[in-house]
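Student: I'd like to ask some things about the structure below.
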Amino acid sequence: MKLIIANWKMNKTPQESVDFIDEIKDVKNSNKTIICPPFVSISYVLEAIKDTKILLGAQNMHNELKGAFTGEISPTMLKSIGCKYVILGHSERRRHFNETDDFINLKIKSAQKNGLIPIVCLGETLEERNNNKTKDVIKKQINTCLKDVDKNIIIAYEPIWAIGTGKQASPEQVVEVHNLIKGLFDAPVVYGGSVNGSSAKGYLEKEVIDGVLVGGASLDPKSFSEIMKQP
Ligand code: PGA
-3 MKLIIANWKM NKTPQESVDF IDEIKDVKNS NKTIICPPFV SISYVLEAIK DTKILLGAQN
57 MHNELKGAFT GEISPTMLKS IGCKYVILGH SERRRHFNET DDFINLKIKS AQKNGLIPIV
117 CLGETLEERN NNKTKDVIKK QINTCLKDVD KNIIIAYEPI WAIGTGKQAS PEQVVEVHNL
177 IKGLFDAPVV YGGSVNGSSA KGYLEKEVID GVLVGGASLD PKSFSEIMKQ P
């Protein structure tokens, strides 16, 4: 059983979300599928997955439970509408919204305290990889983001150079980093970065790769079903 996680990012209205679920809900598979829609589509997706084994996650949250944080969503709000998981520390949040490892650490602790399982994204830039810094970057992210958090977490290794670029890390490169991560923190580790219907198998057949986090290819029911169906 592998984890197949869809990160829809800022895509799909409620109606488009429901139409997508209708297309994939009967796909026979032995994996655990987690769909992470935009906030406004979450409750519609929850209704659409009612009689399926598909699970629901959000793409972000604030660490505070309530207050003067215009435009933000709290863990208790997510929990109250049926979310089980939440993606935290995605590189797009770090890049466009200046999220730091310390802030991500606060969010992870708050998610766990409030009954959500965080899917925490880590990964190096191309420059860091080319300068042989991948291990240092991953260690630093783990030391700060995962400080004092409990084991109920999913880690997503997402090399920034592979996200949305069509340039995938090879399964061998991913295995190397997953082994490093697992040596530092005991949790399932999934890979994300331009995974598609034809490349998913190469990752999922590796024992140390516990699943995939899929962006672009999760928007199309046909390519996402291909990934879900992997043995
Ligand atoms: P991608 O996105 O599959 O489009 O590269 C993955 C992600 O950002 O989680």
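Just so we're aligned: 141 in the working numbering is position 145 of the sequence shown, and the numbers increase by one with no gaps anywhere.
Where a beta carbon is used, it is the ideal one built from N, C-alpha and C, also for glycine.
This one's a predicted model, so the numbers in the text were calculated from it and none came from an experiment.
Suppose you measure from the CA of residue 131 to the CA of residue 15; what does that come to, to the nearest Å?
Tutor: Going from the Cα of residue 131 to the Cα of residue 15 covers about 41 Å.
Student: Considering just the uninterrupted stretch of the alpha helix (DSSP H) at residue 54, what are its terminal residues?
Tutor: Note, residue 54: premise wrong, no alpha helix (DSSP H); beta strand (DSSP E) at 51 to 54.
Student: Would the beta-carbon of residue 139 be found less than 6 Å away from any heavy atom of ligand 1?
Tutor: Not under cutoff, so the answer is no.
Student: Under 7 Å between the Cβ atoms of residue 3 and residue 211?
Tutor: Yes, the Cβ-Cβ distance between residue 3 and residue 211 is below 7 Å.
Student: How about residue 3: is its Cβ closer than 6 Å to a heavy atom in ligand 1?
Tutor: Result yes, Cβ under 6 Å from ligand 1.
Student: Identify every run of the alpha helix (DSSP H) within the region 106 to 130, keeping only runs that are complete inside it and at least 4 residues long; order them along the chain.
Tutor: You should have 122 to 126.
Student: Just the Cα atoms here: how many angstroms apart are residue 144 and residue 49?
Tutor: Spanning the two alpha carbons is a distance of roughly 31 Å.
Student: Just to check, is the beta-carbon of residue 119 closer than 6 Å to a non-hydrogen atom of ligand 1?
Tutor: No - ligand 1 has no heavy atom lying nearer than 6 Å to the Cβ of residue 119.
Student: Since residue 184 and residue 19 are thought to touch, with beta carbons under 8 Å apart, how far apart are those beta carbons, to the nearest angstrom?
Tutor: The Cβ separation is near 27 Å, so there is no contact.
Student: Can you name, in chain order, every residue of its own chain whose Cβ lies under 6 Å from the Cβ of residue 121, other than the five neighbours on each side?
Tutor: For residue 121, where only same-chain residues beyond five positions count, the Cβ hits under 6 Å are 156.
Student: Looking only at its own chain, which residues have a Cβ that is under 7 Å from the Cβ of residue 25, when we skip the five neighbours before and after it?
Tutor: Result list for residue 25: 224 and 225, in chain order.
Student: Answer with buried or exposed for residue 6, where buried requires no fewer than 16 other C-beta atoms within 10 angstroms of its C-beta.
Tutor: Label assigned to residue 6: exposed.
Student: Using only alpha-carbon positions, find the residue among 64, 148 and 134 that is nearest to residue 81.
Tutor: Comparing Cα positions, the closest option is 148.
Student: Mind checking which residues open and close the beta strand (DSSP E) that includes residue 209?
Tutor: Residue 209 -> beta strand (DSSP E) spans 207 to 210.
Student: What first and last residue would you give for the beta strand (DSSP E) that runs through residue 188?
Tutor: Unbroken beta strand (DSSP E) run through residue 188: 185 to 188.
Student: Considering only the beta carbon of each residue, do residue 45 and residue 77 sit closer than 7 Å?
Tutor: Going by C-beta atoms, residue 45 is not nearer than 7 Å to residue 77.
Student: Can you tell me which of the three DSSP states residue 64 falls into?
Tutor: Three-state result, residue 64: coil.
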